[in-house]
Amino acid sequence: MEDLQLMVGGLANGCVYGLIALGFVLIYKATEQVNFAQGDMMMLGAFIAIGLGNESHGGLPFWLACVGAVVIMAAFGMAMERTLLRPLFGQSQIAVVILTIAFGFVLRFIAGAIWGHDPLVMDHPIAGTHVTFGPVVLSADEIAVIAVTVLLTGLLYLFFSRTKLGIAMQAASQNQLAAYYMGIPVKRIHGLTWMLAGATAAAAGILFAAKGSVDPSAGLLGIKAFAAAVIGGFGSLPGALLGGLIIGLVEPFAARYVAAGYAQIAPYAVLILVLIFRPHGLFAQVSGKKL
Amino acid sequence: MRVSFKTSYNHDIRLFADGYQASRYAALVVLAVGLPFVLDDFLIGEVTGVLIWAIAGMGLMLLTGHAGQVSLGHAAFLAVGCYAHAILMDRFGLPFLASFALAGVLTGIVGVLIAIPVFRLHGIYLAIATLALSMLVEDIIVLAEPWTGGVIGLTAPTITIGGIDMDRFGSPDRFYWLCLAVVLLITLGYRNILRAPLGRAFVAIRDSEVSAQAMGVRLAWTKAAAFGLSCLITGWAGALLGHFFYTFNHEVFTVVVSIQLLLMIVIGGIGSIHGAFYGALVVGMIPQAINIGRDWITQVIGTGGVAIPGLETGVFGLILVLFILFEPQGVHGRITKWRIYFELFPFYRRDLFRRQRSYLKTERIR
Amino acid sequence: MSLLDVRDVTIRFGGVTALANVSFSVEPGEIFAIVGPNGAGKSTLFNLISRFCEPEAGEVRLDGASILDRRPADMASLGIARTFQNIDLFETSTVLQNLLIGRHTRRRASFASQAVFSPAARREEIAHREAVERVIDFLDLHASREQRIAGLPYGTRKVVEVGRALAMEPRIVLLDEPASGLSTEESRDMQFWISDIRAELGITILMVEHDMGLVSAVSDRVLVLAEGRVIALGTPAEVQSHPEVLHAFLGIDREPEA
Amino acid sequence: MSGALLEVRNLESYYGPVLAIRGISLDVQEGTIVTVLGANGAGKTTLLKTISGVLNPEKGAVRFAGEAIARKEPDAIVRRGIVHVPEGREIFPLLTVAQNLEMGAYCRADRGIAADISRVVDYFPILQERMAQPAGTLSGGQQQMLAVARGLMARPKLMLLDEPSLGLSPLLVRGIFNVIRRLNQERGISVLLVEQNARLALEVADFGYVMETGRIVLDGSTEALKESRDIQEFYLGGHQNSARGDRRWKRRKSWR
Chain A
13 MEDLQLMVGG
23 LANGCVYGLI
33 ALGFVLIYKA
43 TEQVNFAQGD
53 MMMLGAFIAI
63 GLGNESHGGL
73 PFWLACVGAV
83 VIMAAFGMAM
93 ERTLLRPLFG
103 QSQIAVVILT
113 IAFGFVLRFI
123 AGAIWGHDPL
133 VMDHPIAGTH
143 VTFGPVVLSA
153 DEIAVIAVTV
163 LLTGLLYLFF
173 SRTKLGIAMQ
183 AASQNQLAAY
193 YMGIPVKRIH
203 GLTWMLAGAT
213 AAAAGILFAA
223 KGSVDPSAGL
233 LGIKAFAAAV
243 IGGFGSLPGA
253 LLGGLIIGLV
263 EPFAARYVAA
273 GYAQIAPYAV
283 LILVLIFRPH
293 GLFAQVSGKK
303 L
Chain B
1224 MRVSFKTSYN
1234 HDIRLFADGY
1244 QASRYAALVV
1254 LAVGLPFVLD
1264 DFLIGEVTGV
1274 LIWAIAGMGL
1284 MLLTGHAGQV
1294 SLGHAAFLAV
1304 GCYAHAILMD
1314 RFGLPFLASF
1324 ALAGVLTGIV
1334 GVLIAIPVFR
1344 LHGIYLAIAT
1354 LALSMLVEDI
1364 IVLAEPWTGG
1374 VIGLTAPTIT
1384 IGGIDMDRFG
1394 SPDRFYWLCL
1404 AVVLLITLGY
1414 RNILRAPLGR
1424 AFVAIRDSEV
1434 SAQAMGVRLA
1444 WTKAAAFGLS
1454 CLITGWAGAL
1464 LGHFFYTFNH
1474 EVFTVVVSIQ
1484 LLLMIVIGGI
1494 GSIHGAFYGA
1504 LVVGMIPQAI
1514 NIGRDWITQV
1524 IGTGGVAIPG
1534 LETGVFGLIL
1544 VLFILFEPQG
1554 VHGRITKWRI
1564 YFELFPFYRR
1574 DLFRRQRSYL
1584 KTERIR
Chain C
206 MSLLDVRDVT
216 IRFGGVTALA
226 NVSFSVEPGE
236 IFAIVGPNGA
246 GKSTLFNLIS
256 RFCEPEAGEV
266 RLDGASILDR
276 RPADMASLGI
286 ARTFQNIDLF
296 ETSTVLQNLL
306 IGRHTRRRAS
316 FASQAVFSPA
326 ARREEIAHRE
336 AVERVIDFLD
346 LHASREQRIA
356 GLPYGTRKVV
366 EVGRALAMEP
376 RIVLLDEPAS
386 GLSTEESRDM
396 QFWISDIRAE
406 LGITILMVEH
416 DMGLVSAVSD
426 RVLVLAEGRV
436 IALGTPAEVQ
446 SHPEVLHAFL
456 GIDREPEA
Chain D
8 MSGALLEVRN
18 LESYYGPVLA
28 IRGISLDVQE
38 GTIVTVLGAN
48 GAGKTTLLKT
58 ISGVLNPEKG
68 AVRFAGEAIA
78 RKEPDAIVRR
88 GIVHVPEGRE
98 IFPLLTVAQN
108 LEMGAYCRAD
118 RGIAADISRV
128 VDYFPILQER
138 MAQPAGTLSG
148 GQQQMLAVAR
158 GLMARPKLML
168 LDEPSLGLSP
178 LLVRGIFNVI
188 RRLNQERGIS
198 VLLVEQNARL
208 ALEVADFGYV
218 METGRIVLDG
228 STEALKESRD
238 IQEFYLGGHQ
248 NSARGDRRWK
258 RRKSWR
């Protein structure tokens, strides 16, 4: 039964990874850019929610604080695209990678300067409540995390595969020039994408904060989420969630069945194994070039 | 502007375009050799650091800049070189030169072994695989405590070559010259590879894998060679880095260092050997600049010591962001523009370096 | 014995049959053209011969030996060079460097001698340069020798790609639509080069081309593919009077008026 | 004011570091097909890209239906009714053929999109079988057809066609030119056509310009152009017989 309990905890953790990974994939799918600052955006979202909602800070009602954090992060994402990414329009992927890595450093510094480097805990209404399913005890926040993640993944998936805007986003990433020729406003679409990514990061941040404490280095979780996105096949939304879950599950089980020190390295070992056997992830998005 | 007329095939192949260029580089080398007579020990130490980072930069530049394989995990290979060298000298009692050479070769072999399973990966997938590798190595160093000293780490053995002491702290000048010699040899070898078939094969797989194959370039072999050579150079940088730091543990080779290396070559200017040196110079100077800036702020504000945690990385990040926004071609690109500006002086046109709108296509089609 | 022998080849992608039981052979010194409507499987056939795709059934032999167990990079050393329909050059390099890559299979200098650039390596480089210079001379590429591919006009790129294949000194060269997108003048040049490649360099040519004028002017035999099947094989005059060819490829259903 | 649908005045534009077009003026009257002839590298593609806003002009003006459109973002220009069908099969490789076609109608909000899809597929029946396939799996020629079909989906007032026949079989080349003529006659779409196949281009067009190294060197009605000796020699292959001698002359010794 302990395994089952581990599994639920792992799933909830994995969902947070999955949500951050979703942000990566979202941006990649729509702009073919790789945002290494996604983890730091998640961290910022968590801090904003805490800053707005906690008694010691803003003291707003919880739901209002959540909505506020999502809105602020959406605006932040859009502003980031406008000021940092747009000047690099048409530049290589690697320039964006470096830029976002560096910007992540800056965000961590800013968050540390505002909220300090000690871990903060978010006040929320369902803290401490539990639900018991037979032998398994689920905390309410774990259930919320899983539900919200599955819902968000589903919505984003439908958005990309069904709506005209979603398809236009994919088109813009596959061939910017052709997208322009068809009258797709590529730059505006990039802005929208980053807005969505910001909002997703805020959602991930709130859920992350609901499960534990937050400090500026939480942004480094982004690297693990990145591994998740790659395991899932960079560019696939369900893949991102699946990758997140795999990593979430591997960690506690490696710690339990191998040795405590291995929990850290197990996700990366899994990542390398997956890449060796399926070079483009589980849901491969790469196809052969037409000669 | 000087125009050189080519009169033989050898002209295209030789190292320097003309005597003027050759004499410029000769002057630079003379200056570098003479530096210890001008600078004090602290500054020579700093310059030595820049040289070692330049070696590491060249290692990554070969792989990323020329062969087009992005690595976000080169700190792992620095670590392999560093630990291998220290262990070979300490445990196996090898003399410095033998151990140094062997450490590089070992790292190169590790690089080839890594390249074999990951050779099918491209772009971002390769970057992440190497990032994961870097994280793994960090943890493996801790777990392999009997050899690596775990979290406590190791102490670099002293260097003597032919009975002459060359240690970092004992004789910083001689350690500097040692590093300079390594830099020169590697730079020469790197240039040679670039003008030979292997260098062309690297560029070919960077530009089009399909075409490269059709021309008879074996992908797996060439990528493995690129990894091997790159890791050989990086391993040597790691070995020198061990001496430079004197004591080291896993924290010296974190993922942040991997990222820093990549930042370095991008800032310097990707795809050129010069870029590795410029990048090392810039990245080496930033922490000093931040320190000086902090001292200055402390003086102005008058408070006793401003200690803001994370300030250094924050400012470092900010500088990089500005760099990429305003100088995407790196220092090398900027200097090239200046040079051409002066060479062409009255005839320079702004549009020589105009940035037309450019558009990307998906890299998901291979 | 035929130089290149393709026997009963079938290739499917997903549900679509790209090639169905295609057989033909190419004799040494021949100019062999493949024509057919778009999507008939012509490029697939090239990709098969240069080993970028696998057949479901059938056999491909070069000098009587199967090449199906070979990888793409092996084909160059077996003497098969190719060009690409969409032009696939090394964009950041100069024309000269692109052609030098064509010499890749002829390199001899060892790893170490490249790293120290020994006199032997230097001599070899100079020999490669001479070989490449002969190609530049042959194709009249002097003007763009030192230029980067990225800035070259389409027509020149097409010629550079042919040059890169010739620099290999191959036995067979596969030309995928050598004249598409070329102006009348350029395509006439291409036509002469194609016949010169055979006449002066003795290289066998296999080409896919839509321009029937060019095809009839240079080729010895023409293979017509439609929907993955061979519908005709013969001299240019023979296939051009074949009713099925007229219908599927040229779009003429009755006897041509004139 | 000539009142043409598209007026290009004294346009200069760079392609990379090269001044590829150097002061071009041309008009496309409403309801006509205008062709631009010229060798590769003459700057024809740069001209089309500058009109559609993908490249910024250095100097000069472009007016469409009286409105200045130079230096506008490409999507703004598409919404005014100019659609550019580029050379080189610029499709969305991972989207299906159907999705590619839908993207062609991105700027439209009317209900006729589905009907238009079936209409353009009528022009290119081979696309019908491939509707659910990712466009990247099509053969080169099929991608070319898709690019043209997708351009039609925008219901443009003016189409800029760059080498529509590139890599197509003779049957399809004829088909595509028939489509161009039909669109022009039935729907009154104006066309600016760049094409290496000068014979066909002159057959379908009403008016023609000849470009060389970034300048317009000749213009006139297609009847007049077809009569011109230069056009016959250089673009219609009129002196096939003497060509071999010509070429021998062109091949000079190198410096070696």
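Protein chains in written order, with this note's numbering: chain A, 13 to 303; chain B, 1224 to 1589; chain C, 206 to 463; chain D, 8 to 263.
All C-beta atoms in this analysis are idealised placements derived from N, C-alpha and C, irrespective of residue type, glycine included.
How long is the line joining the alpha carbons of E202/D and A355/C, rounded to whole angstroms? Looking at the backbone, the Cα of E202/D and that of A355/C are separated by about 22 Å.
With C-beta atoms as the reference, is A107/A less than 8 Å away from I1547/B? With a cutoff of 8 Å on beta-carbon distance, A107/A and I1547/B are scored as near each other.
Please name the residue, chosen from I40/D, A77/D, I223/D, L134/D, that lies closest to L190/D on a Cα-to-Cα basis. Of the listed residues, the one whose Cα sits closest to L190/D is I40/D.
Taking Cβ positions only, does I39/A come closer than 8 Å to chain D? No, its Cβ sits nowhere closer than 8 Å to a Cβ of chain D.
Mind checking K363/C: buried by the 16 CB within 10 Å criterion, or exposed? Under this definition K363/C is a buried residue.
Starting from R29/D, trace the beta strand (DSSP E) in both directions and tell me its first and last residue. 25 to 35 is the extent of the beta strand (DSSP E) around R29/D.
Interface residues of the stretch 265 to 281 of chain A facing chain B [CB-CB below 7 Å]: Within the stretch 265 to 281 of chain A, the residues whose Cβ lies closer than 7 Å to some Cβ of chain B are G273, Q276, I277, Y280, A281, listed in chain order.
Determine the direct distance from the alpha carbon of H91/D to that of V264/D, and round the result to whole angstroms. This structure cannot speak to residue 264/D, because chain D is shown only from 8 to 263.
I'd like the list of long-range same chain contacts for D253/D, defined as Cβ closer than 6 Å, with 5 residues on each side in sequence excluded. Here D253/D scores only 49 on pLDDT, less than 50, and its place in the model is too uncertain to base an answer on.
By the 9 Å beta-carbon criterion, what residues does the stretch 77 to 103 of chain A contribute toward chain B? For chain B, the residues of the stretch 77 to 103 of chain A that bring a beta carbon within less than 9 Å of one of its beta carbons are T95, L96, P99, L100, F101, G102, Q103, in chain order.
Judging by CA-CA distance, which residue of V413/C, G368/C, R353/C is the nearest neighbour of G246/C? Ranked by how close their Cα comes to the Cα of G246/C, the residues V413/C, G368/C, R353/C have V413/C in first place.
Determine the DSSP secondary structure at V435/C, reduced to helix, strand or coil. In the structure shown, V435/C sits in a strand (DSSP, three-state: E or B).
Measure from the alpha carbon of I32/A to the alpha carbon of each residue in A216/A, A271/A, V270/A, F295/A, then state which is nearest. When each option's Cα is compared against that of I32/A, the closest is A216/A.
Counting Cβ pairs, one atom from each stretch, are 3 or more of them under 8 Å apart for the stretch 255 to 274 of chain C and the stretch 237 to 245 of chain C? Output reads no: the stretch 237 to 245 of chain C does not touch the stretch 255 to 274 of chain C.
Note down, in chain order, each residue of its chain lying with its Cβ closer than 7 Å to the Cβ of N303/C, except the 5 sequence neighbours on either side. Counting only residues of its own chain and dropping the five nearest sequence neighbours on each side, N303/C has a CB closer than 7 Å to the CB of L294, F295, I354, V365, R369.
For A49/D, which residues in the same chain have their Cβ closer than 8 Å to its Cβ, ignoring the five residues on either side in sequence? Cβ neighbours of A49/D beyond the five flanking positions: M218, E219, T220, G221.
Taking a Cβ distance cut-off of 9 Å, strictly less, list which residues of the stretch 186 to 203 of chain A are near chain D, in chain order. Taking 9 Å as the cut-off between beta carbons, the residues of the stretch 186 to 203 of chain A near chain D are Q186, N187, L189, A190, A191, Y192, Y193, M194, G195, I196, P197, V198, K199, R200, in sequence order.
Could you name the residues that DSSP lists as bridge partners for P141/D? Answer by DSSP bridge pairing, in chain order: T103/D.
Give the range of the beta strand (DSSP E) segment to which H1308/B is assigned. For H1308/B, there is no enclosing beta strand (DSSP E); the enclosing alpha helix (DSSP H) covers residues 1297 to 1315.
Cβ pair L56/A, G65/A closer than 8 Å: When the beta-carbon positions are compared, L56/A and G65/A stay at least 8 Å from each other.
Under 9 Å by beta carbon: chain C residues contacting F241/D: Result: S388, T389, E390.
How would you call K66/D, buried or exposed, if buried means at least 16 neighbouring beta carbons within 10 angstroms? By the neighbour-count rule (16 or more Cβ atoms within 10 Å), K66/D is not buried but exposed.
Who are the neighbours of G1346/B on chain A, taking C-beta pairs under 8 Å? Going along chain A in sequence order, the residues near G1346/B (Cβ under 8 Å) are Q105.
Mark V1374/B as exposed unless 16 or more other C-beta atoms lie within 10 angstroms of its C-beta, in which case mark it buried. With fewer than 16 other Cβ atoms within 10 Å, it is exposed.
Determine, for A142/D, whether the minimum Cβ-Cβ distance to residues of chain C falls below 8 Å. A142/D does not count as touching chain C.
Specify the secondary structure class of A238/C as computed by DSSP and reduced to three states. In the structure shown, A238/C sits in a strand (DSSP, three-state: E or B).
Count the CB pairs spanning the stretch 1269 to 1280 of chain B and the stretch 1398 to 1417 of chain B that are closer than 8 Å, and state whether there are at least three. Yes, they touch.
With a CB to CB cut of under 6 Å and the five nearest residues on each side skipped, what residues in its chain are close to N1233/B? Excluding its 5 nearest sequence neighbours in each direction, N1233/B has no C-beta neighbour in its own chain below 6 Å.
Using a 10 Å radius around the Cβ and a threshold of 16 neighbouring Cβ atoms, would you call R96/D buried or exposed? It is buried - the Cβ of R96/D has at least 16 other Cβ atoms within 10 Å.
Cβ contact (3+ pairs, closer than 8 Å) linking the stretch 72 to 82 of chain A and the stretch 145 to 157 of chain A: The answer is no - the stretch 145 to 157 of chain A does not touch the stretch 72 to 82 of chain A, with fewer than three Cβ pairs under 8 Å.
At the level of alpha carbons, what is the spacing between F220/A and C1305/B? Each residue's alpha carbon lies about 38 Å from the other.
Got a sec? Which residues, its chain only, sit under 6 Å from G124/A by beta carbon, not counting five neighbours each side? Excluding the 5 residues flanking it on each side, G124/A has same chain C-beta neighbours closer than 6 Å at P228, in chain order.
Please confirm if F115/A has its CB atom under 8 Å from at least one CB of chain B. Between F115/A and chain B, the shortest Cβ-Cβ separation is below 8 Å.
On a CA-only basis, which of A1290/B, T1477/B, R1397/B, A1352/B is nearest G1257/B? Give me that one, please. Nearest neighbour of G1257/B by Cα position, chosen from A1290/B, T1477/B, R1397/B, A1352/B, turns out to be R1397/B.
is_contact[T361/C, chain E] using C-beta, thresh 8 Å: Chain labels in this structure do not include chain E; the protein chains are A, B, C and D.
What does N291/C touch in chain D if you count any residue whose Cβ is under 8 Å from its own? Within chain D, the residues near N291/C are G95, R96, G147.
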